[in-house]
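Residue numbers (the numbering used here): 94 to 533.
Ideal placement from N, C-alpha and C gives every residue a C-beta, glycine not left out.
Read through the structure below, which is laid out as C-alpha cells, and then see the notes.
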C-alpha cells in the first residue's frame, strides 16, 4: 500500500436528484445523469486503492450527510441548499474517516465486525472500533494529538457506524449508549442572574453519549491563556508593511481577521453580497450576518472605512475577472464569495492562512521574524476588544456577552480566557483607534 493512501481528494461532483442511466457504451460502461443537477465544487472524497468497497461506503456516508439524508443540522444550524451540513463539516468528516481507513488498512481489520466473542467488557475491546479508540488514546498519550481532536475523530467514526446500521450494512452498533446529566455552572453571576430567579435550583440537562469517548484523565493540562497569541503593535506593523500585503485582496482578508475577528474559513465563505456602497448612506457601522463555526449564524461589525475598501475590491478588476469565471460554472453570482481564486472557485482556508507564511519568508533575509499565524489575528481582535471594553469600565457581564457574540464562541469559558488575558496586559492605546470607531 502506498503511504499516500487512503487520503482525501477534492473533486467537482454532481449530487443531483433522481439519477438514471442515460447511456450504455459498447463495453457496458453506463453513464449516469440526473433529472435535476446539483454541482458541488471541491467535494471531499476518501480514496483508497486497497479498500475500495470501504471507501465507497464512506463516500456514500459523506454524501448523505451533505444531502441531509442522515443527521441533518439541528434546529438553529445553517443548512446547505440540499438541507445537509456545510462543506467544511464534510471536509472534517472526510479527514476523520480517511484516518480511520488508514488504520483499518494498516491493521488489516474488518470494520463491519460488531459482535464480540462474549458479552464481557473485556471481549468488546477486541472489536475494531474499540481498538481504534485505543490507538487514538495512544496518540494522545504521545502528545501527537490532543484529547479534543481524538474525541472528534472517534465521534465521526461513531456517526459512520450509526449510518451503517441505519443503512442495514451492519446488524447493530458495536458500542453502548449511556446518559449523562450535565450541570449548568454559573460562570458569570451578574449576567446569569438576569435570566435566573433568585433561589431557583440549578438544574442540569441530560445528554446521550457512548462509551467510545476518550476519558478526561487523558486531557493534557494547559495554561489559562494557552492558544492566545495576539500580535503586538510592532508585529502588526511588520505584517502590514510587507510586500505581500500590498495586494488588495490579501490585505482585505487580513483586515477582516484583525478588525472583525473572522476565521479563515469564514473569510473563504464571505459573500460579495455582504458588501455595499457606503457612499449611499451615512452609516458609521455595518451589521453583517455571517455563517460561522458549526454552521451557526452570528452578527459582525464592519467599520465604514473597511466597507469602503471592500466595495472598491468588489468592483475592481481582480474580483470581476474571477467572478466571470465563477458565472461560467454556476450561472448565478448572488451567492458568489468575495474572494475567489484564479480559477474562479472558492479559496481554501489554507490558501487564506498562507499569507503569514509568505510574509515570514519575505522577512527572513532581513533577520526579522514573525512568530504568529493567521488565526492569531483573530486573537488580536478579541484581546484588544476585551481590553478596550474593560478600559471603558463597562460591566463585566456586558463585556462577556459582547465578546462572545462577536467572536461566535459556544460558551463563556472560551470568552473568559480572552478577558483574563486582556486584564493581564496594559491596554495599547495605539490599538484602540479602530475599536473606538466601533464602540466609542
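Assign residue 174 to one of three DSSP states: helix, strand, or coil. coil
So what's residue 431 in DSSP terms, helix, strand or just coil? coil
List the whole-angstrom C-beta distance separating residue 254 from residue 189, where the pair is believed to meet the contact cut-off of C-beta under 8 Å. Rounded, the Cβ-Cβ distance is 13 Å, inconsistent with contact.
If you scan the segment 390 to 432 from start to end, which runs of the alpha helix (DSSP H) of 4 or more residues do you find wholly inside it? 397 to 407 and 410 to 423
Could you say if the segment 374 to 388 and the segment 428 to 442 meet the contact criterion of at least three C-beta pairs nearer than 8 Å? no
Measuring alpha carbon to alpha carbon, tell me which residue in 400, 359, 419 and 327 is nearest residue 385. 359
Helix, strand or coil at residue 246 according to DSSP, with G and I counted as helix: helix
Quick check: the Cα distance between residue 292 and residue 196, rounded to an integer number of angstroms? Low per-residue confidence applies at residue 292: pLDDT is 43, beneath 50, and the placement is therefore not dependable enough to give any value.
Measure the alpha-carbon distance for residue 536 versus residue 500 and round it to whole angstroms. With the chain covering only 94 through 533, there is no way to say anything about residue 536.
Using C-beta distances below 8 Å, list every residue in its chain close to residue 533, excluding the 5 sequence neighbours before and after it, in chain order. Only weak support is given to the placement of residue 533: the predicted model assigns it a pLDDT of 46, under 50, and the question is left unresolved by the model.
Measure the beta-carbon distance from residue 234 to residue 311 and round it to whole angstroms, keeping in mind my assumption that it falls under 8 Å. 7 Å
Does DSSP classify residue 381 as helix, strand or coil? strand
With a cut-off of 8 Å, do at least 3 Cβ pairs link the segment 328 to 336 to the segment 459 to 475? yes
Along the beta strand (DSSP E) that carries residue 100, what are the first and last residues, could you check? 100 to 107
Tell me the DSSP bridge mates of residue 114? 125
Is the beta carbon of residue 134 closer than 8 Å to that of residue 438? yes
Heavy atom of the ligand FAD less than 7 Å from the Cβ of residue 324, yes or no? Absence of the ligand FAD is noted for the structure shown, with no ligands found whatsoever.
Inter-stretch contact (C-beta, 8 Å, three-pair minimum) for the segment 140 to 151 and the segment 354 to 368: no
Hey, how far is the Cα of residue 364 from the Cα of residue 172? 16 Å
Quick check: the Cα distance between residue 366 and residue 404, rounded to an integer number of angstroms? 10 Å
Pick from 392, 259, 304 and 249 that is closest to residue 268, judged by C-alpha positions: 304
What would DSSP say about residue 483, mapped onto helix, strand or coil? helix
Residue 132 by DSSP, collapsed to three states: which one? strand
For residue 268, the three-state DSSP class (helix, strand or coil): coil
Find the nearest neighbour of residue 301 within the set 271, 307 and 372, judged by alpha-carbon distance. 271
Please state the DSSP three-state secondary structure of residue 362. coil
What residue range does the alpha helix (DSSP H) around residue 348 cover? 341 to 353
Counting C-beta neighbours from all protein chains within 10 Å, is the total for residue 182 16 or more, i.e. buried, or is it exposed? buried
Limits of the alpha helix (DSSP H) - the one that residue 188 falls within: 180 to 200
Count the other CB atoms within 10 Å of the CB of residue 375; is the residue buried (16 or more) or exposed (fewer)? exposed
By Cβ distance below 6 Å, which residues in the same chain neighbour residue 349 in space, the five residues on each side in sequence not counted? 355 and 360
Whose C-alpha, out of 131, 115 and 219, is nearest the C-alpha of residue 208? 219
On the CB-based measure, 16 or more other CB atoms within 10 Å of its CB, does residue 217 come out buried or exposed? buried
Here's the rule: buried if 16 or more other CB atoms are within 10 angstroms of the residue's CB, otherwise exposed. What is residue 62? Given a span of 94 to 533 for the chain in the structure shown, any question on residue 62 remains unanswerable.
Can you give me the C-alpha to C-alpha distance between residue 417 and residue 395, rounded to a whole angstrom? 27 Å
Ignore the nearest five residues each way along the sequence and tell me which others in residue 452's own chain have a CB closer than 8 Å to its CB. 331, 332, 335, 337, 338 and 463
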